[in-house]
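Engineer: In our numbering, each residue's number is its place in the sequence shown (first place is 1) plus 219. Using N, Cα and C, we set each Cβ at its ideal position, and we do this for glycine too.
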Amino acid sequence: MQDTTARVLSCEPLAQELVRLILSAPEIAAQAKAGQFIHMLVPDSGHVLRRPISLMAVDAAAGTLTLAIQPKGAGTQMLCACKPGETIRVLGPLGTGFDGGGAACVYFVGGGVGVAPICCAMDAFATAESRAFFGFRTAAHAYGMTQSPCAVTAVSDDGSLGERALVTRPLEAAILARRPDLVMACGPTPMLAAVQALCEKYDVPCQLSLEERMGCGIGACLGCNVKIMQPDGGWHYARVCKDGPVFGAKEVCLRG
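Pasting the structure below:
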């Protein structure tokens, strides 16, 4: 983990309500793994808490990090307004990442801004047998497909891109046609719960990257707890920022 000053290389629109920010941060890029995130200090503001942002791409050789940021609040809006040449304090890489475990066939599932960390996972773990399944609100919100290392099936809420369906529909059809060795998913909690249930139904190993609001980003404030099931039927809380954000689907409780 490094607390360093990153230099902005570019900041431009990626899709509707989404901005792509590319940073030069060699110390972090050398250590970062797919599924991890960084904590960014909002520049020139009174914001005390940093903003957790997942990694969309890592280029260790070039020393760069690519991020997809949704300008929802004042802090992320300021990050999305950064100009090339400006600097940002960045802490990372943080959290646990995805683990391919040598799987020959991985299916990747992403929804909305959760497609970004899945893009990073595809770069690391995609094989010739891999497939990806993305869900977006509309075609205007879509991204991450043109440079994908594997075939992508996209759906949308309004039918403007692919089928009007939940992303689990084409995922289930693909599992029935060819059961993967592993599923990696990131997106809104309802989507993750549906993927979790589907993988449980067909006994497919699955890793879920959770989206949670975070305070400190290092596990100290206990503000991003999630319930983890134990083998004996009990449960305990884990910290998404420190113990996650990636968890095994069989251990994390998303449905109450």
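What whole-angstrom Cβ distance do I394 and V374 have, given they're in contact under 8 Å?
Structural biologist: About 15 Å; that fails the 8 Å criterion.
Engineer: Residues in its own chain within less than 7 Å of A413 by CB, not counting five upstream and five downstream?
Structural biologist: Within the same chain, A413 has close Cβ partners L385, T387.
Engineer: Given 8 Å as the limit, is there contact between the segment 322-330 and the segment 281-297, that is, 3 or more CB pairs closer than that?
Structural biologist: These segments do not touch.
Engineer: Is I447 near V471, with beta carbons less than 9 Å apart?
Structural biologist: For I447 and V471, yes; Cβs fall inside 9 Å.
Engineer: Would you grab the beta carbon distance between P253 and C339 for me? Rounded to a whole angstrom, and I think it's under 8 Å.
Structural biologist: For the record, residue 253 in the displayed sequence is Ala; it is not Pro. That belief holds up - the Cβ atoms of A253 and C339 are roughly 4 Å apart, short of 8 Å.
Engineer: Within 10 angstroms of its Cβ, does C440 collect 16 or more other Cβ (buried), or is it exposed?
Structural biologist: Per the 10 Å Cβ criterion, exposed.
Engineer: Can you give me the start and stop residues for the alpha helix (DSSP H) that K420 sits inside?
Structural biologist: First-last of the alpha helix (DSSP H) with K420: 408-420.
Engineer: Does DSSP put F317 in a helix, in a strand, or in coil?
Structural biologist: If DSSP states are grouped into helix, strand and coil, F317 belongs with coil.
Engineer: Indicate the three-state DSSP secondary structure (helix, strand or coil) for A280 in the structure shown.
Structural biologist: Correct three-state label for A280: coil.
Engineer: Answer yes or no: do A404 and G463 have a C-beta to C-beta separation smaller than 9 Å?
Structural biologist: No, Cβ-Cβ distance for A404 and G463 is not below 9 Å.
Engineer: Helix, strand or coil for Q235? Go by DSSP, reduced to three states.
Structural biologist: DSSP places Q235 in coil when its eight states are reduced to three.
Engineer: Can you tell me the Cα-Cα spacing of M259 and L274, whole angstroms?
Structural biologist: Distance between the alpha carbons of M259 and L274: 12 Å.
Engineer: Does DSSP put G363 in a helix, a strand or coil?
Structural biologist: In this structure, G363 counts as coil in the three-state DSSP scheme.
Engineer: Is it buried or exposed for S349, if we count other Cβ within 10 angstroms and need 16 for buried?
Structural biologist: S349 should be labelled buried.
Engineer: Which ranges would you report for the beta strand (DSSP E) in the segment 287-331 if only whole runs of at least 3 residues count?
Structural biologist: Here the runs fully enclosed are 306-313, 325-330.
Engineer: Between the alpha carbons of Q289 and T365, how many angstroms are there, rounded?
Structural biologist: Straight-line Cα distance between these residues: approximately 20 Å.
Engineer: Report yes or no: is there a C-beta of chain D within less than 9 Å of the C-beta of E348?
Structural biologist: Of the chains in the structure shown, none is chain D; there is only one protein chain.
Engineer: Are the CB atoms of Q235 and T372 within a distance shorter than 9 Å?
Structural biologist: No. Outside cutoff.
Engineer: Give the single residue among C301, L429, E305, S367 whose Cα lies nearest to the Cα of N444.
Structural biologist: N444 has its Cα closest to that of L429, out of C301, L429, E305, S367.
Engineer: By a C-beta neighbour count over all protein chains shown, 10 Å radius and 16 as the cutoff for buried, is R270 buried or exposed?
Structural biologist: Counting Cβ neighbours within 10 Å, R270 comes out buried, since at least 16 surround it.
Engineer: Just reading off the alpha helix (DSSP H) that L395 is part of, what are its end residues?
Structural biologist: Where L395 is concerned, the enclosing alpha helix (DSSP H) stretches over 387-396.
Engineer: Are G319 and G406 close, meaning C-beta to C-beta below 9 Å?
Structural biologist: Their beta carbons are not under 9 Å apart, which means G319 does not touch G406 by this criterion.
Engineer: DSSP three-state label for G354, please.
Structural biologist: G354: strand per DSSP, three-state reduction.
Engineer: May I ask which residues mark the beginning and end of the alpha helix (DSSP H) holding V334?
Structural biologist: Taken as a continuous stretch (DSSP letters only), the alpha helix (DSSP H) holding V334 covers 334-344.
Engineer: Using the Cβ count rule (16 or more neighbours within 10 Å means buried), how would you classify H455?
Structural biologist: By the neighbour-count rule (16 or more Cβ atoms within 10 Å), H455 is not buried but exposed.
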